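Protein sequences, first through last, are from chains A and B.
Note that the numbering used here has the first sequence beginning at 203, numbered continuously upward.
Note that the numbering used here has the second sequence beginning at 108, numbered continuously upward.
Quick reminder that beta carbons are idealized off the backbone N, C-alpha and C, glycines included.
Here the structure is a predicted model, which means the values were calculated and not measured.
What follows is one structure encoded as structure tokens, with my remarks underneath.
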Amino acid sequence: MADALIAITVLWGFVFIYAVMATMDFGAGFWSMIYINREKTKATNIANRYLSPTWEVTNTFIVALVVAVYSLFPSAANILGTILLIPGSLILLLLALRSAFLVFSNIATEYKKPLTYISGIAGIIIPGLLISVLPITHGHYVDFADGTVNLNLNKLFSSPNEYAFIGFAITSTLFLSSLLLADYSKASNEMEAYRVYLRDGKILGPISLIMALLIMITLKNEVGWIYNKMMEDLPLLLISIGFFLIIGYGLYARNPFQKGERGMPRLAVIAVTIQYLIASYVYGKAHLPYIIYPNVTIESAFTDPNSFRAVFITYIVGFAILFPGFIYFWSLFMNDKRYLRQKGN
Amino acid sequence: MSDLLIARSLFGTTMAFHIIFATIGVGLPLMILVAELLYQKTKDQDYVVMAKRWTKAFAVLLGVGIPTGTIAGVQLSLLWPGFMEVIGRVMPLPFQIEIYAFFIEALFMSIYVYAAERIAPWMRIASLVLVAIGALSSAVLITNVHAFQGTPAGFRYEDGKFLDIDPWAAFFNPSFFVTAGHVALSAYVVGAFVVASVASFKMMKNKIGSRVYLFHQKALVLSLVVGGIFAFLTALNGHESAQYLHKYQPEKLAAAEGLFETQSHAPLAIGGFTDKETKEIKGAIEIPWALSFLAGNSFDTVVVGLNDYPEELWPPLFIHTLFNGMVFIGSALIMVPLLVFAWKKLFKKTQYPKLMLWGLVTTGPLAVIAIECGWIFACSGRQPWVIYHILSTAESATTATNLGALFVSFIIVYMILGFSVVFVLLYFFRKNTELDDIERAEKKGTPLFSSNS
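Here is the structure:
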């Protein structure tokens with residue numbers, strides 16, 4: 203049991219890290235498209251400055267996530283692979299267009315606009331499809347019949363719960379990325395872009411919260427078991443909502459360190475990360491022990507113990523080696539004024 | 108088409124498309140690294156310009172290579188869930204470690220490109236070395252899964268169950284080093300000859316002796332040296348690969364050679380077509396005894412023929428042609444640099460005749476065709492198995508039906524990506540000519556790398 207629990211925690215960790223990085227990534231792509239005609243604000247430049255060096259690293263996490271599923275829970279991967287054929291393929295197709303055109307838009311400058319539109323639009327649909335994996339694992343859109351499994355797409359796409367998840371994914375993508383880009387533009391001293399993203403954050407915060415509540419309401423109606431188990435951790439959910447107030451403070455309050463400027467975006471970014479961390483912890487805990495309800499549990503799908511031990515050791519060694527690389531990367535692109543405050547480009 | 112055939116065609120199309128970008132993506136970093144090192148040695152700015160331009164091309168190609176690689180990795184689970192369940196249980200390490208290699212490549216590629224001017228020169232070289240190592244390790248590790256499919260190890264298989272699993276024994280399966288070595292070495296061949304193609308094409312388009320001509324001549328010489336060396340090493344390794352087939356997958360070698368009767372002093376068949384009806388090879392040049400010698404280093408080595416296996420377990424017989432294509436091109440790519448150097452050194456010719464340049468232009472595409480032949484040969488030649496003598500491809504396929512629409516959508520997206528990547532590369536290098544970059548390099552203090560236009 204303990205090993206399977208460690209394994210699912212690792213997996214959950216990957217899901218969370220990818221979710222946060224992907225919202226920033228896809229969101230930045232979308233904002234880069236939205237503000238492409240407002241050159242004066244530099245909002246598009248800021249988004250691209252963040253995106254150019256990071257998208258490959260972010261993309262690697264989705265592969266890491268998929269690999270973690272099949273190496274930790276191989277038989278769950280078998281069923282997930284079968285039922286996710288259609289949504290998974292759609293994600294892959296959109297991801298291919300999105301990544302390629304993102305790169306192309308920075309190279310073929312004359313065609314920047316159409317290329318950015320393709321990558322921006324493809325990118326904002328992806329989070330909605332990615333998050334659909336969660337309601338699918340709730341099980342009641344999956345038909346288990348005589349040895350085969352099937353995803354009932356009609357049932358999935360006629361469920362309000364699915365749409366609540368999609369809406370939450372898209373608004374969260376825009377919310378988190380606008381907070382990050384507000385912080386990033388402030389660090390880059392692009393105050394016009396900063397105000398644009400701060401305003402976007404103010405608008406999208408409450409919408410995301412409403413979407414989260416909609417998920418809970420539709421869960422209550424459709425997937426009682428997970429709703430009830432989530433409500434057992436009501437205090438944590440309330441703390442998570444409490445962090446929303448800190449985000450609000452970070453967006454509206456006067457900055458004590460900088461006269462005349464409102465907002466402390468770094469505080470908002472940290473608070474929102476903790477908020478989503480708590481919420482996803484409660485959700486993940488309620489989801490246990492099922493990977494796909496009710497047939498696949500973390501126990502029944504767990505890999506061979508020898509393989510688990512070997513994989514786990516590579517996790518420790520691998521990330522120990524990579525950690526300095528991540529720090530160096532962060533210091534060059536997130537924390538280096540020469541990169542952040544470059545002129546032109 | 109049956110669902111199984113569509114699934115195989117879809118995955119095959121993904122791999123065939125991805126492998127072009129993946130292979131060049133492994134090969135080009137080495138070329139960039141060699142150019143950077145040559146610059147450090149000679150202080151000739153042309154090598155910096157080469158490194159910059161190849162890096163740009165590499166970045167564009169990654170724009171397709173990374174998402175198609177992501178597709179390949181995820182599609183494995185979507186189309187072959189039964190296979191990936193076994194891989195996850197027995198052979199998870201290569202994929203797992205490949206992730207770290209992938210991270211190293213992604214982190215340091217960004218650092219090399221977007222932080223080039225802010226880091227010390229030695230750090231730039233170090234980043235590039237890490238990119239090259241990351242790319243090479245990904246290729247080696249992914250190929251290891253392919254090696255495992257041919258020579259599975261690290262478990263006991265009883266009544267459909269995998270017992271006594273030892274993931275490291277699976278990782279170091281018998282053909283790991285030979286197979287992965289073949290892929291790694293051939294990727295350097297492809298990277299080099301793709302550069303040779305472009306360089307010789309540009310030499311044709313520019314006046315002999317002009318600045319641009321001389322620039323590309325340097326690139327051509329560099330790529331022929333690297334390409335020639337690695338083509339030779341690939342051939343040595345290829346010979347060993349064939350001996351591994353003889354030892355571990357005899358029916359694959361038999362199909363590759365169109366050999367039906369088990370025999371010593373077996374002939375090597377070059378060209379021709381294998382006829383399933385008459386069980387013989389037609390129109391081939393046969394070199395007596397040669398196959399036995401190649402397979403086991405002695406003429407009386409007994410080479411197993413297809414007749415020893417029931418027909419439903421035969422690999423498709425067309426792999427004979429693919430095998431020949433790969434070997435033929437590989438051999439030609441060893442000869443090409445030798446011929447060029449003989450022309451220059453032995454016959455003391457200073458100029459490259461047009462015909463020779465045209466010949467050189469074809470080497471890049473030929474190298475790509477050779478790896479396509481090699482991969483299709485290696486994967487079709489394993490059929491009907493996905494894991495040799497353990498798991499059949501049919502058993503491991505998705506139970507989903509109606510895959511036709513997906514197949515068509517993926518083809519359309521690959522076509523869009525294929526056309527646009529060519530367009531973007533042509534557009535960029537037409538707008539930013541070699542002369543622009545050379546002039547920029549000669550002016551001190553102007554950023555060479557981060558300038559996108």
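Going by C-alpha distance, which of A:V269, A:H340 and A:I449 is nearest L421 of chain A? A:H340
Just to confirm the assignment, what range does the alpha helix (DSSP H) spanning D153 of chain B have? Q152 to L186
Answer with yes or no whether the minimum CB distance from F210 of chain B to chain A is below 9 Å. yes
Have a look at L299 of chain A and I320 of chain A and give me their C-alpha separation to the nearest angstrom. 8 Å
Go to R115 of chain B, then tell me how far its beta strand (DSSP E) extends in each direction, as first and last residue. No beta strand (DSSP E) holds R115 of chain B; the alpha helix (DSSP H) holding it covers D110 to T149.
For Y320 of chain B, I'd like the list of residues in its chain whose CB is within less than 7 Å of its CB, leaving aside the five on either flank, ordered along the chain. M310, N313 and K314
Report buried or exposed for L542 of chain B, applying the criterion of at least 16 other Cβ atoms within 10 angstroms of its Cβ. exposed
Does chain D have any CB closer than 9 Å to the CB of E205 of chain B? Note that chain D does not occur in the displayed structure, where the protein chains are A and B.
What does DSSP give as the partner residues of D382 of chain B in its beta bridges? B:E387
Assess contact between the region 348–360 of chain A and the region 252–270 of chain A, defined as three or more Cβ pairs (one per stretch) separated by less than 8 Å. Is contact present? no
Can you grab the Cα-Cα spacing for the pair D544 of chain B / V156 of chain B, in whole Å? 6 Å
Beta carbon of A503 of chain A nearer than 9 Å to that of A279 of chain A: yes
Residues near F269 of chain B by beta carbon distance below 8 Å, same chain, minus five either side: V193, R196, V197, F262 and R263
Which residues, in chain order, does the region 244–278 of chain A contribute to contact with chain B at a C-beta distance below 7 Å? S254, P255, E258, V259, N261, T262, I264, V265, A266, V268, V269, Y272, S273, P276 and S277
At the level of alpha carbons, what is the spacing between F124 of chain B and L295 of chain A? 14 Å
Only counting runs of 3 or more residues, tell me where the beta strand (DSSP E) segments fall wholly within the region 392–423 of chain B, in order along the chain. 392–394
Along the region 273–292 of chain B, where does the CB come closer than 8 Å to a CB of chain A? Name the residues. D273, P274 and W275
Starting from L453 of chain B, follow the beta strand (DSSP E) in both directions and report where the run begins and ends. L453 of chain B -> no beta strand (DSSP E), and no H or E assigned at all.
Please classify F269 of chain B: does DSSP put it in a helix, a strand, or coil? strand
Classify N457 of chain A as helix, strand or coil using the three-state DSSP reduction. coil
Please give me, in chain order, every unbroken run of the beta strand (DSSP E) with length at least 3 that falls completely inside the region 340–403 of chain A. 344–347 and 350–353
G581 of chain A: buried (16+ other C-beta within 10 angstroms of its C-beta) or exposed? What is shown of chain A runs 203 to 547, which leaves residue 581 of chain A out entirely.
Classify E258 of chain A as buried or exposed, calling it buried when 16 or more other Cβ atoms lie within 10 Å of its own Cβ. buried
Nearest-angstrom Cβ-Cβ length linking A384 of chain A and L406 of chain A, presumed shorter than 8 Å: A384 of chain A to L406 of chain A, Cβ: 11 Å. No contact.
Determine the extent of the beta strand (DSSP E) in which I493 of chain A is found, giving its start and end residues. Y492 to I494
Checking contacts by CB at 9 Å: is N559 of chain B closer than that to chain A? Its pLDDT being 36, under 50, N559 of chain B is placed unreliably by the model, and nothing is read from it.
Can you tell me which of B:G471, B:L453 and B:T408 puts its alpha carbon nearest to the alpha carbon of P395 of chain B? B:T408
Excluding the 5 residues preceding and the 5 following L145 of chain B in the sequence, name in chain order all residues of the same chain whose CB lies nearer than 6 Å to its CB. Y154
Enumerate, from N- to C-terminal direction, the unbroken beta strand (DSSP E) stretches of 3 or more residues contained entirely within the region 250–309 of chain B. 263–265 and 268–270
Compute the distance between the beta-carbons of L336 of chain A and F367 of chain A, then report whether it is under 9 Å. yes
Could you tell me the distance, in whole angstroms, from the CA atom of H253 of chain B to the CA atom of I443 of chain A? 49 Å
Along the chain, where does the alpha helix (DSSP H) containing V529 of chain B start, and where does it finish? G511 to K538
How about G471 of chain B and V301 of chain B: do their beta carbons lie closer than 9 Å? yes
By a C-beta neighbour count over all protein chains shown, 10 Å radius and 16 as the cutoff for buried, is G365 of chain B buried or exposed? buried
Name the chain A residues that come within less than 9 Å of I494 of chain B, Cβ to Cβ? In chain order: nothing, as chain A lies at least about 14 Å away.
Min CB distance D538 of chain A to chain B below 9 Å: yes
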